[in-house]
Ligand SMILES: [Zn+2]
């Protein structure tokens, strides 16, 4: 149920693969604020927020 809600909440979100780099906005490289951790398709997804771009960035573990 949580997963369905999540998918509706983030229909067009890009998923970024977490790499060795620190968590930075893929667009402006600003450090991201942790919002929450969710599960999509049995994968842990970290919802982060870029204060610079004012948008959420979804990151999955590699
Ligand atoms: Zn940004």
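In the numbering used here, the protein residues as written are 622 to 683. Glycine is no exception: its CB is placed at the ideal position from the N, C-alpha and C atoms. Owing to the predicted nature of the structure, the values given are computational and were not obtained by experimental measurement.
What did DSSP end up calling residue i once you bin it into helix, strand or coil?
{"i": "residue 679", "result": "strand"}
{"i": "residue 669", "result": "strand"}
{"i": "residue 644", "result": "coil"}
{"i": "residue 662", "result": "coil"}
Report yes if the CB atom of residue i is closer than 8 Å to the CB atom of residue j, and no otherwise.
{"i": "residue 671", "j": "residue 681", "result": "no"}
{"i": "residue 657", "j": "residue 665", "result": "no"}
{"i": "residue 674", "j": "residue 645", "result": "no"}
Any heavy atom of ligand 1 closer than 7 Å to the beta-carbon of residue i?
{"i": "residue 648", "result": "yes"}
{"i": "residue 673", "result": "yes"}
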